[in-house]
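Novice: Chains as they are written, first to last, in the numbering used here: chain U, 474 to 650; chain Y, 752 to 990.
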């Protein structure tokens, strides 16, 4: 009788532990199933402001000029921002005009935001970069090609009595944003 | 019908050429922002600028740093350097250029301001003989504001170490001096105690001898008396 009772107790204990184990497993599986069904990933990105520069043309020829002659500010350079998302301000600077034998000053070149036929409304080019006040607007995604641009015009005044020759200057146009 | 085909083909060719032009051209750009650098007098400040090549061809570049100007007279302008100062930006990638600003102390006071331009210029434009060559680039207008000099912690730490060393040396000197005195006192006391102990032993011995003589006297034997010193002897000795 005692043996029977002991066996019954043992079997009941085994059954209870089996039930508890199966419940735990079911709960765990349920949790896994629940987590996998409702898990979400939050993605974020910080888009930085950028501006670009693309000039056209990359060289200016003022042609053949005589001493004291002026070439009015009507040589156009287009400054474009093809991929940017913020407005850019245009700065300009240049080097002295140089030939193999003689140099003349950077200030003989002038720049202007508008085309003109007179040197009165223009600004002399300098060695150090200066803000021109010309701005390239921020390209907009609503615009078809998303490119914004603006223009800068250059002119030249040749000093008197300089040796004949081929003179070269380097102009630097930079966008700042 | 044939004309339509030709027109479509021409348009396709034009489109592909425009695509090719857009893709192959180098596009130099920069991340927006022109922060003001607050630099300690006699201190250095570092900042990383990001420059981008959005095109499919590499862009050889050089950096140009203009002199920094201020309205304050006789001030010493900051020394601004860029690293790397030249190089090549690979296609469709970006580079960081570290700008370092050192602000000398000579004639500079807190609150002074300087402004200068830092340019990264496309260096690929070949030299042209006759006329003007136009270089394109991107620029940053840098403003430097002087801050009071940072306290020199090294000097403070060194002076603190020296002060601690002096205090420790003085403390140990006082301690060892006191210890020496105490030791001397202990030795002296020990000697005194020794001498006292010796004295007491002598006394006991005399007491013992006295008691012995007493006992002898009681037995009838005479105790040898000490000779009284004569004045003559003393005089002789003195001579």
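Yeah, the Cβ is synthetic: ideal placement off N, Cα and C, and Gly gets one too.
Among Y/948, Y/862, Y/924 and Y/913, which has the Cα closest to the Cα of residue 789 of chain Y?
Specialist: Here residue 789 of chain Y refers to the residue found at position 38 when the second chain is read from its first residue. Measuring from the Cα of residue 789 of chain Y, the nearest candidate turns out to be Y/862.
Novice: Does the distance from the CB of residue 625 of chain U to the CB of residue 552 of chain U come in under 8 angstroms?
Specialist: Within the first chain, numbered from 1, the residue matching residue 625 of chain U stands at position 152. Within the first chain, numbered from 1, the residue matching residue 552 of chain U stands at position 79. Cβ distance < 8 angstroms, so residue 625 of chain U and residue 552 of chain U count as in contact.
Novice: In the DSSP assignment, what are the bridge partners of residue 838 of chain Y?
Specialist: Residue numbering aside, residue 838 of chain Y sits at position 87 when the second chain is read from its first letter. Note: residue 838 of chain Y sits in a beta bridge opposite Y/812.
Novice: Of the residues U/646, U/594, U/516 and U/622, which one's Cα is nearest the Cα of residue 545 of chain U?
Specialist: Along the first chain, one-based indexing puts residue 545 of chain U at 72. When each option's Cα is compared against that of residue 545 of chain U, the closest is U/594.
Novice: Beta carbon of residue 534 of chain U, beta carbon of residue 882 of chain Y: below 8 angstroms?
Specialist: The residue given as residue 534 of chain U occupies position 61 in the first chain. The residue given as residue 882 of chain Y occupies position 131 in the second chain. It is a contact, given that the beta carbons lie within the stated cut-off.
Novice: Fully enclosed by the region 542-568 of chain U, which beta strand (DSSP E) runs are 3 residues long or longer?
Specialist: Segments of the beta strand (DSSP E) lying fully in the region 542-568 of chain U: 543-554 and 561-567.
Novice: Is the separation between the beta-carbon of residue 813 of chain Y and that of residue 872 of chain Y shorter than 8 angstroms?
Specialist: Along the second chain, read from residue 1 onward, the residue named residue 813 of chain Y stands at position 62. Along the second chain, read from residue 1 onward, the residue named residue 872 of chain Y stands at position 121. Contact: yes.
Novice: Assuming residue 780 of chain Y and residue 575 of chain U make a contact with CB atoms under 8 angstroms, what is their CB distance in whole Å?
Specialist: Counting from 1 along the second chain, the entry for residue 780 of chain Y is found at position 29. Counting from 1 along the first chain, the entry for residue 575 of chain U is found at position 102. So it is not a contact: roughly 38 angstroms between Cβ atoms.
Novice: How would you list, in chain order, the residues of chain U whose beta-carbon sits under 8 angstroms from the beta-carbon of residue 817 of chain Y?
Specialist: The residue labelled residue 817 of chain Y in the question sits at position 66 within the second chain. Correct list: 601 and 602.
Novice: Can you give me, in chain order, the residues of the region 574-588 of chain U that have a beta carbon less than 9 angstroms from any beta carbon in chain Y?
Specialist: Going along the region 574-588 of chain U in chain order, one finds 582 with a Cβ nearer than 9 angstroms to chain Y.
Novice: Count the other CB atoms within 10 Å of the CB of residue 561 of chain U; is the residue buried (16 or more) or exposed (fewer)?
Specialist: Stepping through the first chain from its first residue, residue 561 of chain U is reached at position 88. Buried: at least 16 other Cβ atoms inside 10 Å.
Novice: Taking buried to mean at least 16 other C-beta atoms within 10 Å of its own C-beta, is residue 910 of chain Y buried or exposed?
Specialist: Residue numbering aside, residue 910 of chain Y sits at position 159 when the second chain is read from its first letter. Exposed is the call here.
Novice: Between which two residues does the beta strand (DSSP E) harbouring residue 901 of chain Y extend?
Specialist: On the second chain, residue 901 of chain Y is found 150 positions in, with the first residue counted as 1. First-last for residue 901 of chain Y: undefined, no H or E at that position.
Novice: Could you tell me which residues DSSP pairs with residue 528 of chain U in its beta bridges?
Specialist: Within the first chain, the letter at position 55 stands for residue 528 of chain U. Paired residue(s): U/552.
Novice: How many Å lie between residue 799 of chain Y and residue 849 of chain Y at the Cα?
Specialist: Counting from one through the second chain, the residue named residue 799 of chain Y turns up at place 48. Counting from one through the second chain, the residue named residue 849 of chain Y turns up at place 98. The straight-line gap from Cα to Cα measures roughly 4 angstroms.
Novice: Report the three-state DSSP secondary structure of residue 819 of chain Y (helix, strand or coil).
Specialist: Position 68 of the second chain, counted from the first residue, corresponds to residue 819 of chain Y. It is coil, neither helix nor strand.
Novice: Flag residue 532 of chain U as yes if its beta-carbon sits less than 8 angstroms from any beta-carbon of chain Y, otherwise no.
Specialist: Mapped onto the first chain, residue 532 of chain U falls at position 59. It does; some Cβ of chain Y falls within 8 angstroms.
Novice: Identify the contact partners of residue 864 of chain Y in chain U, using a Cβ-Cβ distance below 9 angstroms as the criterion.
Specialist: Taking the first residue of the second chain as position 1, residue 864 of chain Y is located at position 113. In chain order: nothing, as chain U lies at least about 17 angstroms away.
Novice: Against chain U, with Cβ distances strictly below 8 angstroms, would residue 886 of chain Y count as a contact?
Specialist: Numbered from its first residue, the second chain carries residue 886 of chain Y at position 135. Chain U, which has a Cβ nearer than 8 angstroms to the Cβ of residue 886 of chain Y, makes this yes.
Novice: Just to confirm the assignment, what range does the beta strand (DSSP E) spanning residue 781 of chain Y have?
Specialist: Within the second chain, residue 781 of chain Y is the residue found at index 30, counting from 1. First-last of the beta strand (DSSP E) with residue 781 of chain Y: 779-782.
Novice: Cβ of residue 555 of chain U less than 8 angstroms from any chain Y Cβ?
Specialist: Translated into positions along the first chain, residue 555 of chain U becomes position 82. Yes - at least one Cβ of chain Y is within 8 angstroms of the one on residue 555 of chain U.
Novice: If the criterion is Cβ atoms closer than 8 angstroms, does the pair residue 629 of chain U and residue 582 of chain U meet it?
Specialist: Numbered from 1 along the first chain, position 156 holds the residue referred to as residue 629 of chain U. Numbered from 1 along the first chain, position 109 holds the residue referred to as residue 582 of chain U. Yes. Within cutoff.
Novice: Per DSSP, which one or two residues make a beta bridge with residue 913 of chain Y?
Specialist: As a working note, residue 913 of chain Y is residue 162 in the second chain. Paired residues: none, contrary to the question.
Novice: I want to verify the contact list: residues of chain A whose CB lies under 9 angstroms from the CB of residue 549 of chain U, in sequence order.
Specialist: Given the protein chain composition of this structure (U and Y), no chain A is represented.
Novice: Would you check if the distance between the CB atom of residue 792 of chain Y and the CB atom of residue 902 of chain Y is smaller than 8 angstroms?
Specialist: Taking the first residue of the second chain as position 1, residue 792 of chain Y is located at position 41. Taking the first residue of the second chain as position 1, residue 902 of chain Y is located at position 151. Cβ distance not < 8 angstroms, so residue 792 of chain Y and residue 902 of chain Y don't count as in contact.
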